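Q: I'd like to ask you about the structure that follows.
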Amino acid sequence: MADYIFIRKSRNALSSFLHLFLNILLGVGSIFITVVSGSWIIGLFLVLISKWRMFAVRPRFWFLNLKSNLVDLIVGFSFVFLTYFSGMTLLPVHYTLTALYIIWLVIIKPITKESGNLIQSIFAIILGTSAVILATANLNSAAMILLEFFIGYGASRHVLCQNNNTKDFELTSLICGLLFSEISWLAHSWLIIYSFGTTGIILPQLAVILGIVAFVFHKVYAETTKRDGDLKLKDVTLPVFFGILTIAVIVLGFSNPFFNV
Numbered sequence: 000m001a002d003y004i005f006i007r008k009s010r011n012a013l014s015s016f017l018h019l020f021l022n023i024l025l026g027v028g029s030i031f032i033t034v035v036s037g038s039w040i041i042g043l044f045l046v047l048i049s050k051w052r053m054f055a056v057r058p059r060f061w062f063l064n065l066k067s068n069l070v071d072l073i074v075g076f077s078f079v080f081l082t083y084f085s086g087m088t089l090l091p092v093h094y095t096l097t098a099l100y101i102i103w104l105v106i107i108k109p110i111t112k113e114s115g116n117l118i119q120s121i122f123a124i125i126l127g128t129s130a131v132i133l134a135t136a137n138l139n140s141a142a143m144i145l146l147e148f149f150i151g152y153g154a155s156r157h158v159l160c161q162n163n164n165t166k167d168f169e170l171t172s173l174i175c176g177l178l179f180s181e182i183s184w185l186a187h188s189w190l191i192i193y194s195f196g197t198t199g200i201i202l203p204q205l206a207v208i209l210g211i212v213a214f215v216f217h218k219v220y221a222e223t224t225k226r227d228g229d230l231k232l233k234d235v236t237l238p239v240f241f242g243i244l245t246i247a248v249i250v251l252g253f254s255n256p257f258f259n260v
């Protein structure tokens, strides 16, 4: 019996180590292969290979699995595209993206708590919006608006579904996606990008604003659900005030970028 327990623990330890190693390998490999190859195709392929379980079921479940894994796919694809648009010369931004992707895979992604699900969604929103803005800078505004809809929908659905909130979560997610599209459409004519010296690290203002909007949106929705729709202003004053004040400070005090898209 003791031998069986020892073997079982050894297998569990080996499995955990292998899982950790593969995650680190994915984080490092997807970034540096993109830099070396000068193409985003191989990086995206590695991200898709890591999600093989999505397709290891009958085809009729693929679409459902795709929706359930949207946040993870958004994050993975965003890291690859941000790497690609950062150039093929190694800069501090590439090492930063590698470290952040490993942190996502090893620390943030496995979190199952309600607060963790919200952090995961905001992480996806900021990264996804940053990648979308860079990728669609020279395209019609419809491309950015459509992609932002999927980001808003996926992020909202992730929080509601993971928190076992089955009451109209699809409709709420669609509303959140439409809200993201509307804000993106309004901001498209003046997209501000913050740059951090010669590091190559950039951060779009819209990405931060949408992250704050998502936080306030789901705090208000959580309070509404908790009170069965009987919501009073005082119940959501703190998150709404925080959101409005923070966005006002960002727009009024930090709208002098190094460059505009």
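Counting from 0, one number per residue, gives the positions in the sequence shown under numbering that gives the first Met the number 0.
Note that CB positions come from ideal geometry on N, CA and C, so glycine has one too.
Keep in mind the model is a prediction, meaning the values are calculated, not measured.
(1) Could you give the distance in angstroms between the alpha-carbon of residue 47 and the alpha-carbon of residue 244?
(2) Given a cut-off of 8 Å, decide if residue 180 and residue 208 are closer than it, judged by their beta-carbon atoms.
(3) Going along the chain, which residues of its own chain have a beta-carbon closer than 6 Å to the beta-carbon of residue 100, five neighbours each way excluded?
(4) Starting from the N-terminal side, write out each stretch of the beta strand (DSSP E) that is 3 residues or longer and does not extend beyond the segment 152 to 212.
(5) Rounded to whole angstroms, what's the CA-CA distance from residue 214 to residue 55? Just pull it up for me.
(6) Within this structure, are the beta carbons of residue 120 and residue 93 separated by less than 8 Å?
(7) Under DSSP, the alpha helix (DSSP H) around residue 91 begins and ends at which residues?
(8) When the distance is taken between beta carbons, is residue 72 closer than 8 Å to residue 50?
(9) Please classify residue 189: is it buried, with 16 or more other beta-carbons within 10 angstroms of its beta-carbon, or exposed?
(10) Buried or exposed: where does residue 178 fall if 16 or more other Cβ atoms within 10 Å of its Cβ makes it buried?
(11) Would you report the Cα separation of residue 34 and residue 104, rounded to the nearest angstrom?
(12) Starting from the Cα of residue 218, find the closest Cα among 116, 170, 138 and give me that residue.
(13) CA-CA distance, residue 130 and residue 76?
(14) Under a Cβ-count criterion, where at least 16 other Cβ atoms within 10 Å of its own Cβ denotes burial, should residue 261 be classed as buried or exposed?
(15) Between which two residues does the alpha helix (DSSP H) harbouring residue 61 extend?
(16) Leaving out the 5 sequence neighbours to the left and right, which residues in its chain are closer than 8 Å to residue 19 when beta-carbon positions are compared?
(17) Between which two residues does the alpha helix (DSSP H) carrying residue 136 extend?
(18) Near residue 140, which residues of its chain fall below 6 Å by C-beta distance, leaving aside the five closest residues on each side in sequence?
(19) Classify residue 30: buried if its beta carbon has 16 or more other beta carbons within 10 angstroms, exposed otherwise.
(20) Hey, residue 176 and residue 216: beta-carbon distance below 8 Å or not?
(21) Between residue 201 and residue 211, how many whole angstroms is the CB-CB distance? I'm expecting something under 8 Å.
(22) Look at residue 132 and residue 203 and say whether their C-beta atoms are less than 8 Å apart.
(23) By alpha-carbon positions, which one of 136, 150, 225, 134 ends up nearest to residue 125?
A: A quick look at the data gives this:
(1) In a straight line, the C-alpha of residue 47 is about 39 Å away from that of residue 244.
(2) No, they are not a contact pair.
(3) Once the five neighbours on either side are set aside, the close Cβ partners of residue 100 are 26, 78.
(4) If we require 3 residues or more, the beta strand (DSSP E) runs fully inside the segment 152 to 212 come out as 191 to 194, 201 to 203.
(5) Between residue 214 and residue 55, the C-alpha separation is close to 34 Å.
(6) In this structure, residue 93 does not lie closer than 8 Å to residue 120 by Cβ.
(7) Bounds of the alpha helix (DSSP H) holding residue 91 are 91 to 102.
(8) Cβ distance < 8 Å, so residue 50 and residue 72 count as in contact.
(9) Residue environment for residue 189: exposed (fewer than 16 other C-beta atoms within 10 angstroms of its C-beta).
(10) Taking all protein chains in view, the Cβ of residue 178 is crowded by 16 or more other Cβ atoms within 10 Å, so the residue is classified as buried.
(11) Taking the straight line from one Cα to the other gives about 20 Å.
(12) Residue 116 is the option with its Cα nearest to residue 218.
(13) Going by C-alpha positions, residue 130 is about 8 Å away from residue 76.
(14) The shown model of the chain, from 0 to 260, leaves out residue 261, and the question about it has no answer.
(15) That run of the alpha helix (DSSP H) goes 61 to 67.
(16) The answer, listed in chain order, is 105.
(17) Per DSSP, residue 136 belongs to no alpha helix (DSSP H) and is neither H nor E.
(18) Answer for residue 140: 187, listed in chain order.
(19) Within a 10 Å sphere around the beta-carbon of residue 30 sit 16 or more other beta-carbons, which makes this residue buried.
(20) In this structure, the beta-carbon distance from residue 176 to residue 216 does not fall below 8 Å.
(21) The Cβ separation is near 18 Å, so there is no contact.
(22) It is a contact, given that the beta carbons lie within the stated cut-off.
(23) Out of 136, 150, 225, 134, 150 has the C-alpha closest to the C-alpha of residue 125.
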